[in-house]
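Enquirer: Protein chains in written order, with our numbering: chain A, 7 to 87; chain B, 7 to 87; chain C, 142 to 445; chain D, 142 to 445; chain E, 118 to 487; chain F, 118 to 487; chain G, 10 to 184; chain H, 10 to 184.
All C-beta atoms in this analysis are idealised placements derived from N, C-alpha and C, irrespective of residue type, glycine included.
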Amino acid sequence: MRERLALSRPGEAASGKTGSWRTFRPVVDKEACNACGLCAQYCPDGVIDEELNVDLEFCKGCGICANECPKKAIAMVREER
Amino acid sequence: MRERLALSRPGEAASGKTGSWRTFRPVVDKEACNACGLCAQYCPDGVIDEELNVDLEFCKGCGICANECPKKAIAMVREER
Amino acid sequence: MTDISRRSVTNLSAIPKEEYIYKCTSACAGCSSSLCLRYVLKAAGPDSVLVVPACCTSVIQGIYPATAMNVPVYNVAFAAAAACASGMSEAFAATGRDTNVIVYAGDGGTVDIGIQSLSGAFERGANFLYICYDNEAYGNTGMQRSGSTPLGARTTTTPGGKPTAKKDLDRIVQAHNPPYMATACSAYPLDLYKKVRKALSIKGPKFIHILAPCPPGWRYPTEKTVEMGKLAVKTGMWVLYEREFGKLTINGPSKAAMRKPEPLEDYIRGQGRFKNLSPETLDLMRQQVEQNIQRLAREEEGIC
Amino acid sequence: MTDISRRSVTNLSAIPKEEYIYKCTSACAGCSSSLCLRYVLKAAGPDSVLVVPACCTSVIQGIYPATAMNVPVYNVAFAAAAACASGMSEAFAATGRDTNVIVYAGDGGTVDIGIQSLSGAFERGANFLYICYDNEAYGNTGMQRSGSTPLGARTTTTPGGKPTAKKDLDRIVQAHNPPYMATACSAYPLDLYKKVRKALSIKGPKFIHILAPCPPGWRYPTEKTVEMGKLAVKTGMWVLYEREFGKLTINGPSKAAMRKPEPLEDYIRGQGRFKNLSPETLDLMRQQVEQNIQRLAREEEGIC
Amino acid sequence: MLTIATGNRAVAEAVKAAKPAVIAAYPITPQTEIVEQIAEYVTSGDLESHYIPVESEHSAMAACIGASVGGVRTFTATSSHGLLYMHEMIHWAAGGRLPIVMANVNRALGPGWNTWAEHTDAFSQRDTGWLQVYVGTVQEAYDATLMAFRIAEDERVLLPVMVNLDGFSLSHITQSLETEEIGDFLPPYHLPHAIDTEKPRGYGPMTGPDNYYRFRWDIERSMRDAREVITEVEREFADRFGRSYGPTEEYRCEDADVVVIALGTFGKEAEVAVDRLRDEGIRAGSMRLRWFRPFPHLDLSGREVVVIDRDYSFGFGGVVANSIRAKTGIEPYSVIAGLGGQEVTYNDIADFVRGRRPGEETWFGVNNHV
Amino acid sequence: MLTIATGNRAVAEAVKAAKPAVIAAYPITPQTEIVEQIAEYVTSGDLESHYIPVESEHSAMAACIGASVGGVRTFTATSSHGLLYMHEMIHWAAGGRLPIVMANVNRALGPGWNTWAEHTDAFSQRDTGWLQVYVGTVQEAYDATLMAFRIAEDERVLLPVMVNLDGFSLSHITQSLETEEIGDFLPPYHLPHAIDTEKPRGYGPMTGPDNYYRFRWDIERSMRDAREVITEVEREFADRFGRSYGPTEEYRCEDADVVVIALGTFGKEAEVAVDRLRDEGIRAGSMRLRWFRPFPHLDLSGREVVVIDRDYSFGFGGVVANSIRAKTGIEPYSVIAGLGGQEVTYNDIADFVRGRRPGEETWFGVNNHV
Amino acid sequence: MYEVRIHSRGGQGGVTAAKLLALAAFRDGKHATACPFYGAERRGAPVVSFVRIDDKPIKVYSQIHEPDLVIVLDASIMDVVDVLDGLKEEGTVLLNCAHPVDGCRGTCYHVDLTGIALAQNLVVAGSPILNTPVLGALAKIGVITLPSALQAIREMFDDERNVKAAEAAYKELKV
Amino acid sequence: MYEVRIHSRGGQGGVTAAKLLALAAFRDGKHATACPFYGAERRGAPVVSFVRIDDKPIKVYSQIHEPDLVIVLDASIMDVVDVLDGLKEEGTVLLNCAHPVDGCRGTCYHVDLTGIALAQNLVVAGSPILNTPVLGALAKIGVITLPSALQAIREMFDDERNVKAAEAAYKELKV
Ligand SMILES: Cc1ncc(C[n+]2csc(CCOP(=O)(O)OP(=O)(O)O)c2C)c(N)n1
Ligand SMILES: Cc1ncc(C[n+]2csc(CCOP(=O)(O)OP(=O)(O)O)c2C)c(N)n1
Ligand code: SF4
Ligand code: SF4
Ligand code: SF4
Ligand code: SF4
Ligand code: SF4
Ligand code: SF4
Ligand SMILES: [Mg+2]
Ligand SMILES: [Mg+2]
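1. What are the uninterrupted segments assigned as beta strand (DSSP E) that are 3 or more residues long and contained completely in the region 137-225 of chain F, given in chain order?
2. Buried or exposed for K365 of chain D, please, with buried defined as at least 16 other CB atoms from any protein chain shown within 10 angstroms of its CB.
3. Helix, strand or coil for P32 of chain B? Go by DSSP, reduced to three states.
4. Ligand 6 and G43 of chain B: does the residue's C-beta get closer than 7 Å to at least one heavy atom of that ligand?
5. Which runs of the beta strand (DSSP E), 3 residues or longer, sit entirely within the region 348-382 of chain F?
6. Since A41 of chain G sits in a beta bridge, which residues does DSSP pair it with?
7. Please return the same chain residues whose Cβ sits closer than 6 Å to the Cβ of S173 of chain D, not counting the five positions on each side in sequence.
8. Strictly below 8 Å CB to CB, what residues from chain D border E74 of chain A?
9. Alpha carbon to alpha carbon, what distance is there between A261 of chain F and M404 of chain F?
10. CA-CA distance, N281 of chain F and V436 of chain F?
11. Consider the C-beta atom of K348 of chain D and the heavy atoms of ligand 2; say whether any pair is separated by less than 7 Å.
12. Let me check you understand the geometry: is the CB of D253 of chain D closer than 7 Å to at least one non-hydrogen atom of ligand 10?
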């Protein structure tokens with residue numbers, strides 16, 4: 007179809023796999039976790055799901071989840087590539 | 007001199023003799039007047055001087071002076087031309 | 142016959158006799174804004190520049206090559222007055238001049254298309270005096286509604302009466318915490334004169350908002366111009382006050398009006414633009430007037 | 142291992158799980174504005190349109206042909222958001238649609254170049270929600286000062302610290318008497334969610350002002366984003382409240398902060414932009430915070 | 118219905134007939150009557166439309182943009198500084214492919230303030246991707262405004278249209294006007310890319326160097342297609358309502374040795390000059406340029422040409438004269454006349470023809486000319 | 118002093134040397150570095166100036182207007198939408214005869230948002246009465262900005278000057294830069310009509326049809342005089358600082374059969390293409406248009422011409438190609454290329470020359486072209 | 010082509026008078042155009058309007074320099090403007106004046122329109138309305154027919170006082 | 010002409026690295042230009058910068074399609090961008106990586122710039138600064154001289170940790 011103006015379509019990874027931006031990666035210690043959900047709530051990119059799995063393809067490694075976790079159940083670990 | 011932009015010079019009668027706009031003319035009854043100066047103060051065009059002479063070349067005949075005169079010492083009289 | 146010259150000066154003694162507006166302007170007969178400008182310039186004196194955006198004032202000067210104004214007047218685009226003035230004031234500061242920079246703008250050029258540059262200049266703390274003469278519509282183009290048109294008023298673009306309230310310019314300006322702001326009204330020229338003097342003695346952004354009744358716009362006979370302004374104050378529709386470095390003083394005439402206001406109808410009735418005002422709208426107006434008065438009274442008392 | 146899924150929902154139960162922002166945006170890591178937008182869209186739901194002037198949000202969507210946003214987003218010129226939204230909302234009204242029209246604009250696009258169209262739309266009573274996410278500078282262009290930059294903050298155009306105070310957007314908006322206005326902060330997303338819901342249930346112009354800490358702009362480490370927002374509230378730098386039809390309610394977290402505020406230094410210290418703040422400036426800031434709190438407290442008590 | 122009306126009133130009448138659902142406009146002399154008349158229609162119920170009394174022209178165009186992409190027909194009107202103030206949004210409307218119709222009452226630019234006719238305001242917007250038509254009579258103001266909606270909204274075009282009328286000399290003149298029951302001349306508004314929350318899309322996001330130029334090209338492609346659309350619509354209009362128009366209006370051109378080219382009212386007044394010149398034995402003709410964007414294909418071969426520019430591009434020349442030079446290769450006699458309402462009569466126009474010096478430029482009224 | 122710098126930095130350096138007393142500007146990509154650098158200079162005391170952090174570009178230009186007529190040298194910088202947003206005031210500055218200098222970092226126009234180079238932003242201001250120069254190197258950005266003040270303030274000119282540099286490709290490129298101690302190269306600012314409260318005058322009041330056009334003519338008269346002033350200033354600059362410029366920069370044009378005409382960085386890159394073409398035996402030359410207003414007198418007789426337009430006037434054509442057509446009568450091969458930062462290399466330029474079709478227009482990268 | 014120039018002041022209704030005259034001529038079956046020339050001025054300042062009446066379509070937009078008829082709605086204008094400038098030899102003049110005026114040329118009519126307006130209480134914002142009564146005078150002179158004059162007035166105003174005023178002017182017109 | 014392409018992410022300093030390289034080359038007495046190609050993205054997104062070094066003035070502004078040297082400041086970019094695209098046959102690659110990487114072409118160097126930056130505590134807003142250490146590596150490769158590299162760093166930054174980091178990279182560079 008003839009596209010008359012720049013109309014973009016919704017889709018994941020609109021700006022690529024932002025997971026590659028990370029220097030540090032969040033690692034959840036599910037034992038220590040009390041399932042308060044704050045990490046998921048505060049993740050700017052919404053990459054933590056209800057089961058507290060972090061979508062590492064998109065996690066930018068900001069560290070907010072770790073910082074806000076009341077149980078200190080999330081560690082930020084240096085990415086090695 | 008070469009005039010590069012529209013620069014106007016101050017001068018009386020910049021918009022002509024506005025006295026001709028009048029339908030009614032203020033006539034001061036100096037006997038009734040108490041010299042309060044309100045007429046001069048309120049004249050939008052500043053055409054009443056300290057001696058309460060109205061400059062009829064410029065008085066637009068708005069009637070404010072008459073309306074505001076506490077002594078009703080000013081009458082608005084129909085201009086006949 | 143009494144010696145008039147001797148007595149006539151008493152009332153005006155504080156006011157310089159110099160006129161900086163020549164006879165004549167092309168303002169309508171009974172124009173209260175021209176009356177105000179006379180006093181603004183008397184207060185400011187000759188070392189002053191007026192910055193004037195598109196409005197009646199850009200026209201009443203007269204047509205090139207003559208002008209009725211005897212101070213420099215920089216006419217500028219409608220939306221640009223405050224920004225232009227702030228640039229000019231910086232230029233004067235840079236060259237060590239004390240010249241007063243005064244914007245004289247209509248309500249449209251202030252509350253509508255000019256509010257952005259006004260707000261910006263005030264936020265930056267620019268050193269100038271902004272005067273808005275408020276005839277509550279676009280006079281120059283023949284009385285269309287402005288943001289400053291009051292609720293219910295008929296204009297050529299609100300032939301059925303304006304459905305929304307007058308934009309509260311003063312609270313908007315107040316939010317910028319200028320060192321000096323005041324309201325004034327053309328029916329009280331000596332009060333205006335004093336306010337301009339005071340404003341010009343302070344550094345930073347100053348603001349004066351003048352209610353300026355307009356015979357063709359408000360549709361009343363020309364001779365009622367001063368009466369209309371007084372009624373606005375006496376009914377409490379318009380409150381005269383000053384706010385110096387945040388401190389509010391309500392001025393005499395409004396103090397009196399707040400104690401014993403005249404009926405709002407006295408103000409409404411004389412104006413063609415309010416013809417066929419519904420009782421509901423009138424009630425709403427009355428409520429707004431009361432709220433405004435109470436808010437100011439409380440502020441003056443230092444309660445808030 | 143605990144069953145996390147069962148417990149984790151409690152806190153968020155009121156909030157729809159739907160995300161209207163896909164992974165990923167190109168927002169900086171730790172961007173609080175993107176966090177806010179997640180909740181704004183959760184609250185608004187799919188029958189909503191975002192109108193976005195030039196700002197970080199115009200960029201974080203991604204580059205053509207893909208976007209991370211799953212509601213229609215109308216990107217528009219910097220100064221045009223509120224006017225564009227008011228036109229769109231009239232179009233929807235004309236065609237009987239209930240679609241939410243939401244402006245999501247930065248502080249620059251709101252308090253500086255966008256204040257005119259905001260003010261105009263509010264005066265006209267346009268039916269839409271205007272949200273300003275306030276990162277206190279021009280983020281998109283690399284952190285120049287905006288009118289909303291606080292006193293003393295260093296930006297690329299105020300390398301010595303901003304000499305003037307933060308423009309008081311909320312009082313400006315308040316002067317327009319909108320039926321609903323509120324402040325929010327990215328550190329309190331559930332509060333924001335509720336406010337957006339409430340705002341969208343009301344007809345007319347609504348306004349929400351969100352404080353949105355920005356790691357590169359404020360110069361703090363990315364993980365401190367939420368902490369920074371909480372500190373703003375706890376120190377009283379930012380007060381969370383709602384004003385419905387003129388009636389003010391100060392929200393819980395700020396109520397607590399007003400009783401026992403944390404020291405302002407806790408907020409200032411963590412931010413590179415406030416490095417080398419003079420004690421005088423800090424004092425001034427403290428005064429402003431106190432005045433603001435007192436003004437709001439008195440208003441809530443109904444004193445003024 | 119046959120009556121008399123001003124140019125401004127005619128525009129307002131056409132808008133009433135076209136029934137845009139949203140109108141956003143800001144007053145400015147000499148356009149004001151359009152706005153006032155529309156406000157009157159909306160208040161009286163004669164026109165069912167949402168009239169948005171915006172606080173500036175930038176917002177007027179922004180509101181039209183929002184409404185147009187929101188899915189309804191929109192209209193605005195302005196002039197001179199109002200047009201300049203919305204410049205950014207004028208570009209935006211075209212880039213956004215929104216079929217907004219705007220009446221622009223051509224007026225000179227300050228400083229000094231001058232409210233009279235000149236075309237520099239609209240010419241200063243000639244790169245924006247808007248179609249531009251310049252009208253010469255009250256009737257044409259009505260007809261062109263009606264057709265503007267149809268042309269703009271055609272799927273082959275989807276670009277905004279600016280209808281230009283000379284300030285005062287046309288906006289305020291009273292002439293006869295035939296208004297029409299337009300029936301289905303205007304089909305319901307349909308914008309393929311209207312906002313649809315069921316089909317979310319990002320409008321005008323960041324667009325990189327690889328893609329941006331493609332959309333620019335599409336504007337130009339539509340401009341080119343617009344020529345055909347204009348012809349079709351003008352033909353249908355003639356069939357329905359009996360008045361026919363083209364890219365130019367030619368008067369006694371067939372056998373003319375010298376052709377006067379002008380826009381707007383000068384283009385009509387030139388016809389009177391042509392009659393006088395013919396009486397003197399000079400075989401003159403008049404070609405009034407109606408469409409300026411897309412620029413029409415002109416055939417002027419073998420003729421002398423006198424171009425009247427009511428505009429100027431400083432440091433370059435008259436915009437019309439140079440456009441004709443560029444597009445036809447002809448060296449016209451370029452007359453700059455009528456700036457800021459400068460009075461130009463048919464006698465003056467006849468004089469331009471009598472004293473023509475092809476290849477040269479002259480400023481009417483200026484002694485010190487080149 | 119010899120160093121390396123970006124185009125933006127060079128502009129800021131020139132401003133530091135010219136010492137405008139008032140600077141008002143608003144940030145926008147890709148101009149931002151200019152503003153930031155100036156703010157830095159002012160804060161550090163390296164530049165004694167009043168920097169006004171305005172709230173919009175309309176106000177930036179308005180503040181410059183107020184300051185300039187107030188009697189001091191002023192500067193601003195912008196780009197793209199910023200330039201469009203100040204359109205009304207751009208017209209005003211010229212009409213007010215104020216020698217304001219502005220750097221414009223050429224950038225494409227939205228929607229969609231695009232921050233890369235294109236000349237449509239500045240061309241859209243080409244009727245305003247501003248002088249326009251387009252630069253091709255970091256050094257030239259510095260030199261042209263300095264000279265702009267001198268030219269603008271010359272009593273024969275008294276018109277504002279816009280210095281244009283390509284977004285990113287010049288604004289952000291780092292090249293070597295020689296900065297100068299300018300001594301008395303810039304005389305103190307003197308504006309004959311500066312505000313003087315001892316000599317009150319009304320600026321830009323209502324001006325009727327009888328007078329308005331005279332002032333418009335005076336702008337054009339000064340534009341024409343500016344050609345001579347530019348030459349003088351450029352000559353003096355060369356004498357003092359050893360770098361010489363002209364209305365165009367010609368490269369291997371003397372014996373060229375085909376000349377590439379472009380502006381800005383394309384004009385420099387074309388020189389590389391010319392070298393390649395010469396290697397192939399094609400006698401090519403490059404003519405980089407520096408001054409666009411006043412438009413230079415070009416002698417292209419007997420040559421084929423390839424014009425690269427990094428701009429477009431929809432419904433008409435490339436602005437440069439058509440200007441050249443109008444002014445020289447030559448039918449160039451018109452190439453529309455580089456819109457919104459579209460990548461164009463010297464190889465592409467060489468291809469344009471190899472495949473030239475005089476009289477035709479082509480859009481680079483678009484298959485569907487005419 | 011019959012060309013009319015109307016001199017008035019802003020606010021006196023000269024522009025509307027021109028429109029009314031054109032409308033009346035149009036109702037008489039003629040072609041007619043009316044064009045005001047607005048100065049930059051506010052109410053009170055001199056304004057000219059032009060009316061052209063012809064049997065053929067009218068293509069002229071410029072001002073009228075050689076009128077057949079000059080109408081002066083405000084005699085005081087004669088002090089500042091040469092209202093007779095360019096008036097054709099056999100031209101006509103219509104003055105709003107209770108008395109004849111010196112220095113007139115051609116056929117010279119006068120009528121006290123102001124008095125008629127004041128008598129009908131036709132006053133807006135302090136200014137008497139002259140544009141409707143003047144149509145009566147023009148009908149008497151024969152530029153238009155009286156029925157068309159009254160019809161034009163009724164099309165534009167729904168206040169019968171205007172019709173009365175026109176009829177009064179029709180009666181009171183004097184040479 | 011020696012052409013260098015630098016791949017990095019917004020915020021990692023690739024643009025500054027290009028400037029520093031050009032400045033160092035300039036201090037070596039060469040002509041040099043550095044141009045970044047900014048995408049529309051924020052920090053974190055892939056960015057390319059170009060540096061050209063020559064003995065003659067450089068007139069090319071377009072991108073580099075056939076680089077002599079490719080620098081990759083962030084190895085993770087290699088997953089999304091073909092960093093070797095157009096690399097000359099005899100070209101060179103410099104990777105910020107503690108270990109050699111598979112699939113490299115030409116002469117392939119690597120060095121752990123991130124580690125070096127973190128060791129010097131060169132971190133801004135959470136991101137390690139790579140642009141100054143990389144100059145050390147480039148000096149070692151021989152694109153510029155070490156003194157010019159250090160001078161360039163000192164001209165642009167007054168924090169000696171940058172110089173230390175460059176020296177460390179100079180030492181730690183591995184093929
Ligand atoms: C950009 C722009 N838009 C519109 C106008 C037309 N215009 C000139 S003055 C004016 C109204 C001014 O109203 P206000 O500011 O209230 O002043 P007043 O005329 O009432 O004195 C308008 C709409 C203009 N000159 N410029
Ligand atoms: C008219 C105009 N001027 C300037 C710009 C450049 N610009 C784009 S976004 C922006 C700053 C936005 O700041 P803010 O509104 O606070 O949003 P943020 O980027 O902080 O999210 C600027 C200056 C523009 N796009 N248009
Ligand atoms: S590090 Fe940041 S982006 Fe990653 S999961 Fe935690 S909060 Fe989300
Ligand atoms: S914030 Fe910590 S405790 Fe709470 S759910 Fe996340 S990991 Fe568990
Ligand atoms: S009538 Fe009006 S203008 Fe005349 S003197 Fe009295 S107040 Fe002044
Ligand atoms: S207002 Fe009346 S009493 Fe007072 S000075 Fe004037 S005329 Fe005399
Ligand atoms: S319209 Fe009103 S404000 Fe304007 S000049 Fe006339 S009276 Fe004064
Ligand atoms: S600059 Fe700040 S507001 Fe903008 S995307 Fe980055 S973190 Fe978010
Ligand atoms: Mg007004
Ligand atoms: Mg911001």
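Expert: Reading from the atomic positions:
1. 139-141, 167-169, 191-195 and 218-223
2. The residue given as residue 365 of chain D occupies position 224 in the fourth sequence. Per the 10 Å Cβ criterion, buried.
3. Translated into positions along the second sequence, residue 32 of chain B becomes position 26. Of the three classes helix, strand and coil, the one that applies to P32 of chain B here is strand, per DSSP.
4. In the second sequence, the residue the question calls residue 43 of chain B occupies position 37. Yes, the Cβ of G43 of chain B comes within 7 Å of a heavy atom of ligand 6.
5. 365-368 and 375-379
6. Working through the seventh sequence from its first residue, we reach residue 41 of chain G at position 32. Answer by DSSP bridge pairing, in chain order: G:I62.
7. For the purposes of this step, residue 173 of chain D is identified with residue 32 of the fourth sequence, where counting begins at 1. Closer than 6 Å at Cβ, skipping near neighbours: S327, A353, P354 and T366.
8. Stepping through the first sequence from its first residue, residue 74 of chain A is reached at position 68. Under the 8 Å cutoff, chain D gives V367 and E368.
9. On the sixth sequence, residue 404 of chain F is found 287 positions in, with the first residue counted as 1. On the sixth sequence, residue 261 of chain F is found 144 positions in, with the first residue counted as 1. Going from the Cα of M404 of chain F to the Cα of A261 of chain F covers about 18 Å.
10. As a position in the sixth sequence, residue 281 of chain F is number 164, starting the count at 1. As a position in the sixth sequence, residue 436 of chain F is number 319, starting the count at 1. Cα to Cα, N281 of chain F sits roughly 16 Å from V436 of chain F.
11. Translated into the one-based positions of the fourth sequence, residue 348 of chain D becomes position 207. Sequence inspection shows Phe at residue 348 of chain D; the Lys mentioned does not correspond to that position. Not under cutoff, so the answer is no.
12. One-based indexing of the fourth sequence puts residue 253 of chain D at position 112. Outside the cutoff, so no.
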